[in-house]
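Take a look at the structure set out below.
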Amino acid sequence: MADFIVSLLTGLSSAAAMFLVASGLSIIFGVTRIVNFAHGSFYMLGAYIGYTLVQAIGSTAVGFWAAVLIAAVAVGAIGVVMEILLLRRIYRAPELFQLIATFGVILVIQDVTLWVWGSEDLVGPQAPGLKGAADILGKPIPEYDLALIAISPLVLVGLWALFKLTRWGTLVRAATQDRQMVAALGVNQRWLFTGVLFLGSALAGLGGAVQIPKGGADLLMDFNILAVAFVVVVVGGMGSVFGAFWAAVLFGILQTFGIQILPNSTLVLMFLVMAVVLIFRPWGLLGMPETLGQAHPGPPEQPLRPALPRVRILGGAATALLLALPVAHLVLPQLVGAFTLVLVIEIMVFVLFAAALHFIMGPGGMVSFGHAAYFGGGAYAAALLVKFADAPFEIAFWAAPVGAALLAFLFGWFCVRLSGVYFAMLTLAFAQIAWAFVFQDMPGSVLRTFGIADEFGAPLKITGGDDGLNDIWPSAWAGTRIAYYYIAVGLSVAALWIMRRFLYAPFGYTLRAGRDSPLRAAAIGIDLTRHRWLAFALSGAFTGLAGALFLFSKGSVFPTTLEIARSFDALLMVLLGGVQSLFGPIFGAAALTWLNDLFSVLSYWRFLLGVTIIALVLLLPQGIVGFAGTRLGRRLRLARPEEITA
Amino acid sequence: MSGAPHERVPVLEVESLSRSFGGVRAVDRVSFTLFSNELLAMIGPNGAGKTTCFNMVNGQLRPDAGAVRLNGRSILGLPPRSIWRLGVGRTFQITATFASMTVRENVQMALVSHYRRSRALWRPARDHYFDEAMALLERVGMDRQYDRACGVLAYGDLKRVELAVALANEPGLLLMDEPTAGMAPRERMELMQLTTGIVRERNIGVLFTEHDMDVVFAHADRIMVLDRGQLISEGTPMAVRSDRKVQEIYLGGSAVHDGGPA
Ligand SMILES: Nc1ncnc2c1ncn2[C@@H]1O[C@H](COP(=O)(O)OP(=O)(O)OP(=O)(O)O)[C@@H](O)[C@H]1O
Ligand SMILES: [Mg+2]
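Sequence order for the protein chains is L and V.
Take the first sequence: its letters are residues 601 to 1246, numbered as in this note's numbering.
Take the second sequence: its letters are residues 656 to 917, numbered as in this note's numbering.
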């Protein structure tokens, strides 16, 4: 019993940081509708700034808590700077475009933190006055844990008072509930948004600062907390502070007890719980349904037209160039090195991956945050077939798209019922489950429970966990660099063309119909769920094809092919290229893969990449392809003249 | 107009339909029958429950109680897409079209769905039912603007596109929620004339709401008056015009506004 109580208290104390970060994220989303990816970075900054301040003034209890509060306010101010310099310029950009801007901020903050505080993990000092352990039913529990347990309800009550009793709070609540109202606010909207960014960021900073005595500060904090905060917000209900509180408590407890039952599975457990909650309560525990058919910010997408002559010529020229490259390599090896061919293969793999994601994201309006599941999932399917069935390359290769399609078929069934951010989060959850499946080699563990294990009783290596699966190469005929180059380029160009046909056909139009107006689509007899499901599976198949090309070009596959960062890369490519055009993902993937390659030799490459991304967002809010729609682009006949709104 | 007398058969039978929203009885025991070859107007002040009625008939909203029969068959509980397949076309008070598609593509989508080709993956959508779509657009006077994106159309034109879309599956019943909102007075009369023509020619039934009383009295065969969810009067335009209860609502201060976007 005492053990149980202590575990419970430990769980509640670990809920504190989760709640603080998640409530900030939730408040920002509720009002601005921006999913702030940089929120985890604010948490990290809170920890680092708090650490420095505690070193300076935190030797007394008053000094310590003052340091924590100043850190929170400082992070709030950083949030305000981000709002004024960046977000304010792009509120009217297409939905989710702000996402990449905040993604750029993550990269910038990562390198700035590295530069200021160095790469060593910082061990947090203990809090003065709370260094000891309290005695609960004969068991010791750190006093600081008890302080953490008290903080969440205190903040919750404070927020409640702020929202209920102040005029500003009333505005925030109204804005969260009614989007139309926000638009009608006019000038006040600015200050409402700025204020909300301050509050939300300060909460993240507070979360980071209060956990210093327990966790210190390190450079992985941003992504680690981000995934957790997303789950908490989604389970609690986007925009609901009380929801975030209860979800944090739930997960805090789940974590402590989860560790005891299944070590290192807490993240998976969280995502599993989230998947279950979303299936039964699609809008979270305390969230409100998203109103369908809400106005898209930004201009509506242009109708699909046949490509303009000049665009066709450019496309033909690019394809010809791709096909001629190996010849150039043979003739002029000094100019076109082997490395160029490798880079082009890599670019084509990601072009295909991004185009497959765009297939559901652009025309279908389904923004998947977890598409790496089908990329890595496909690669693993092929690799496993090679390893355990000795399948020849020619067969194993096709197992990737087929396997990925089946996986997408399975996961998609749950996901396509949701929309918007909830869809995004459920796809993320499934991707994390898939990642854990290979990372923790679950098949091996499962086999062991059936008594199948190696001679020492340890689980068999099936997916290989962290080590991945190695030594998987194409057959001899396809194995030369030039042969594989033609396979990769040929298959990805063919796949791009096929996807384009699908999107110009009634099926693609039906997807767009459902995105433009679900109401009208239903009123003309369209079974939207079914079409979205099919599209999801098709997208999975093409993503799996990209995974196959990737696998056989590298000769190995690791769990990193399924991780969140990989999913975000693909998302970034699509958004950066321009989600409204079928060419967008091609440009986005090519540009990002090339930039990554270019910058990766530099020491502060994340900073450069982040700044480049932010600059692109500000200069070309329609994505790179949006250039065609600019005055210059139209003059160059890359786009049709603009239609005048009546 | 063909002029040939059509048989009048009941198309839509609504019995004691009710729906509340958190204590507010939006629609309260409403019953009526709509016949083929008939234009039935449902009028009433803002918030009277007209749109809610429409939403229950086409399956978008579940009624709390009551019955809805289409051609004698109950359609209660069916989703909108199934009700559409039984021949019910709908236009919305706040137009719902596919903004990223051209006018013709909007109609083509309805035809593609009607002929169950929406899962076709290869032949371009623009080649599907091209002529049929153009014929429908000609019918509503939108053929000259066929290639414009719906996202840039004027409101009145969108209403016309919606009508063409609603006609794509040769419906036996048309539900038109404020079909002329956002149009100039002359346009309104023209559109209703057009609708009347289609009704007589195809022998279909139309249920429509409308705030413009000139339009209502000029075109409706029959009028129902709804107030705070309840049917308070029903009959020929003449009878309704002289109903005292109706006069009270319309002269007694209940403001009546056009339902178009502000
Ligand atoms: N989804 C909903 N949730 C809550 N209340 C609703 C909802 N839909 C309608 N109502 C309420 O039901 C009542 C009837 O609304 P309805 O839209 O049917 O009126 P209407 O007759 O179509 O009005 P108008 O002429 O303005 O279009 C109103 O009081 C409205 O506020
Ligand atoms: Mg209405």
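Virtual Cβ for every residue (Gly too), placed ideally from N, Cα, C.
Keep in mind the model is a prediction, meaning the values are calculated, not measured.
Roughly how many angstroms separate the alpha carbons of residue i and residue j, rounded to a whole number?
i              : j              : result
residue 700/V  : residue 694/V  : 20 Å
residue 743/V  : residue 774/L  : 38 Å
residue 826/L  : residue 1166/L : 15 Å
residue 937/L  : residue 1040/L : 39 Å
residue 707/L  : residue 1207/L : 6 Å
residue 659/L  : residue 1179/L : 52 Å
residue 620/L  : residue 759/L  : 11 Å
residue 876/V  : residue 847/V  : 12 Å
residue 1218/L : residue 703/L  : 13 Å
residue 1086/L : residue 1001/L : 19 Å
residue 894/L  : residue 902/V  : Note that residue 894/L has pLDDT 41, beneath the 50 cutoff, so the model's placement of it is unreliable and the number below is only indicative. Spanning the two alpha carbons is a distance of roughly 38 Å.
residue 652/L  : residue 820/L  : 18 Å
residue 701/L  : residue 710/L  : 14 Å
residue 1228/L : residue 1234/L : 6 Å
residue 771/L  : residue 792/L  : 8 Å
residue 732/V  : residue 686/V  : 18 Å
residue 842/L  : residue 1112/L : 36 Å
residue 708/V  : residue 1129/L : 26 Å
residue 1181/L : residue 912/L  : 15 Å
residue 719/L  : residue 1205/L : 15 Å
For residue i, which residues in chain L fall below 8 Å Cβ to Cβ?
i             : result
residue 713/V : 1123
residue 760/V : 903 and 1109
residue 757/V : 903
Between which residues of its own chain and residue i is the CB-CB distance below 7 Å, once the five residues before and five after are set aside?
i              : result
residue 832/L  : 618, 622, 844, 847, 848 and 851
residue 812/V  : 797 and 800
residue 654/L  : 664, 667, 725 and 812
residue 855/L  : 611, 614 and 866
residue 1148/L : 978, 979, 982, 997, 1000 and 1001
residue 854/V  : 692, 694 and 861
residue 661/L  : 728 and 729
residue 1108/L : 963 and 1102
Is residue i near ligand 2, in the sense that its beta carbon is under 7 Å from a heavy atom of that ligand?
i              : result
residue 898/V  : no
residue 882/V  : no
residue 715/V  : no
residue 705/V  : yes
residue 1041/L : no
residue 748/V  : yes
residue 832/V  : yes
Kindly examine ligand 1 and report whether one of its heavy atoms sits closer than 7 Å to the Cβ of residue i.
i             : result
residue 678/V : no
residue 789/L : no
residue 726/V : no
residue 701/V : yes
residue 681/V : yes
Give the interface partners of residue i over in chain L, defined as CB-CB distance under 9 Å, in chain order.
i             : result
residue 709/V : Those do not exist, as residue 709/V stays about 11 Å from chain L at its closest Cβ, beyond 9 Å.
Using a Cβ-Cβ cut-off of 8 Å (strictly less than) and excluding sequence neighbours within five positions of residue i, which residues of its own chain qualify?
i              : result
residue 723/L  : 816
residue 1048/L : 1057, 1058, 1059 and 1060
Give the residues of chain V in contact with residue i, contact being defined as C-beta atoms less than 8 Å apart.
i              : result
residue 1105/L : 775, 776, 777, 778, 779 and 780
Skipping 5 residues on each side, what residues in its chain have a beta carbon closer than 6 Å to that of residue i?
i              : result
residue 742/L  : 733
residue 756/L  : 845
residue 748/V  : 706, 832, 833 and 914
residue 1063/L : 1038 and 1041
Which bits of chain L does residue i rub up against, with CB to CB less than 7 Å?
i             : result
residue 806/V : 900
residue 735/V : 1122 and 1123
Residue i versus chain V: which residues are under 7 Å apart at the beta carbon?
i              : result
residue 1017/L : Neighbours of residue 1017/L on chain V: none; closest Cβ ~14 Å, over 7 Å.
Closer than 7 Å: is that where the CB of residue i sits relative to any heavy atom of ligand 3?
i             : result
residue 766/L : Looking for ligand 3 in the displayed structure turns up nothing; the ligands present are ligand 1 and ligand 2.
Could you tell me whether the stretch 1150-1157 of chain L touches the stretch 1026-1035 of chain L, where touching means 3 or more Cβ pairs closer than 8 Å? no
Taking 8 Å as the threshold, find out whether the stretch 629-644 of chain L comes into contact with the stretch 794-807 of chain L through three or more Cβ pairs. Touching, per the Cβ criterion.
Would the stretch 716-724 of chain V and the stretch 880-893 of chain V be scored as touching if the rule is three or more Cβ pairs under 8 Å? no
How do the stretch 1160-1174 of chain L and the stretch 1011-1022 of chain L stand: do at least 3 beta-carbon pairs fall below 8 Å, yes or no? no
With three or more beta-carbon pairs closer than 8 Å as the criterion, would you say the stretch 1192-1206 of chain L touches the stretch 993-1000 of chain L? no
Three or more C-beta pairs below 8 Å linking the stretch 941-958 of chain L and the stretch 1115-1134 of chain L: no
Validate contact between the stretch 820-838 of chain V and the stretch 727-745 of chain V using beta carbons, cut 8 Å, 3 pairs: yes
Examine the Cβ distances between the stretch 889-898 of chain V and the stretch 865-879 of chain V and report whether three or more of them are shorter than 8 Å. Touching, per the Cβ criterion.
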